[in-house]
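Engineer: Under the numbering used here, the first residue of the sequence shown carries the number 4, and numbering increases by one thereafter. Ideal Cβ positions, reconstructed from N, Cα and C, are used throughout, including at glycine. Keep in mind that this is a model prediction, so the values were computed, not measured. Have a look at the structure that comes next, please.
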Amino acid sequence: MQSDEQLRAIASHMRHRILRVLRDGPATITQVAERLGIAKGSSNHHIKVLAKAGLVHVVETRKVGGVTEQYYAMTGKTIELPETGTGQHEVLMRHALMDIEAAPPSNQKTVFLKHARLTPEAWDQFNEQLAALLTELNDLSDPSQPAADLFVAFYRPKDV
Numbered sequence: 004m005q006s007d008e009q010l011r012a013i014a015s016h017m018r019h020r021i022l023r024v025l026r027d028g029p030a031t032i033t034q035v036a037e038r039l040g041i042a043k044g045s046s047n048h049h050i051k052v053l054a055k056a057g058l059v060h061v062v063e064t065r066k067v068g069g070v071t072e073q074y075y076a077m078t079g080k081t082i083e084l085p086e087t088g089t090g091q092h093e094v095l096m097r098h099a100l101m102d103i104e105a106a107p108p109s110n111q112k113t114v115f116l117k118h119a120r121l122t123p124e125a126w127d128q129f130n131e132q133l134a135a136l137l138t139e140l141n142d143l144s145d146p147s148q149p150a151a152d153l154f155v156a157f158y159r160p161k162d163v
């Protein structure tokens with residue numbers, strides 16, 4: 004994530020959902036609209052905002068019966084926010100919460116909050132283990148399988 008324009012583009016939960024569709028592969032405006040159950044005009048608007056922000060781009064154009072179809076794909080595999088910036092973490096947390104709340108009832112959902120007191124060395128060690136787990140999750144990912152999302156926030160809170 005390089006700009007305020009990109010942050011504003013992903014601030015919309017609908018655009019977050021569109022990026023989720025495009026993560027599975029290129030799709031047309033119509034295909035995105037059908038998959039999300041939204042109007043084609045709404046899909047078009049949101050995809051244009053994402054394209055203007057440089058988050059998606061046209062990867063293929065096809066002529067189908069006199070109509071030109073454009074296939075859009077994500078510009079990168081993932082979207083990472085820079086360390087600093089007002090509202091950036093809120094955007095990720097809000098999208099994660101909305102996705103969790105919208106997820107169907109299932110035994111394949113784990114949500115927890117854990118408090119700990121760590122030395123700087125223990126902090127570094129745990130952070131390295133988290134990074135290794137994220138790499139492992141990425142390595143295990145199989146596009147033919149159901150989606151699985153992970154949201155992690157490891158931080159030192161303000162002591163009360």
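Have a look at T31 and T78 and give me their C-alpha separation to the nearest angstrom.
Structural biologist: 15 Å
Engineer: Check the DSSP bridge columns for M77 and list the partner residues they point to.
Structural biologist: Paired residue(s): V59.
Engineer: What separation, rounded to the nearest whole angstrom, lies between the Cα atoms of M101 and H19?
Structural biologist: 10 Å
Engineer: Using the rule of at least 16 other Cβ atoms within 10 Å of the residue's Cβ for burial, across every protein chain shown, is A36 buried or exposed?
Structural biologist: buried
Engineer: Which of helix, strand or coil does DSSP assign to K161?
Structural biologist: coil
Engineer: Using a Cβ-Cβ cutoff of less than 8 Å, which residues in the same chain neighbour A54 once the five nearest sequence positions on both sides are dropped?
Structural biologist: H60, V61 and Y75
Engineer: Could you have a look at M4 and say whether DSSP puts it in helix, strand or coil?
Structural biologist: With a pLDDT of only 47 at M4, under the threshold of 50, the placement of this residue in the model should not be trusted, and no figure is reported.
Engineer: Out of L140, A156, L58 and L136, which has the shortest C-alpha to C-alpha gap to D7?
Structural biologist: Among L140, A156, L58 and L136, the Cα nearest to that of D7 belongs to L58.
Engineer: Please work out which residues of its chain come closer than 8 Å, Cβ to Cβ, to L39, disregarding the five sequence neighbours upstream and downstream, and give them in chain order.
Structural biologist: Cβ neighbours of L39 beyond the five flanking positions: M17, R20, I21, V24 and S46.
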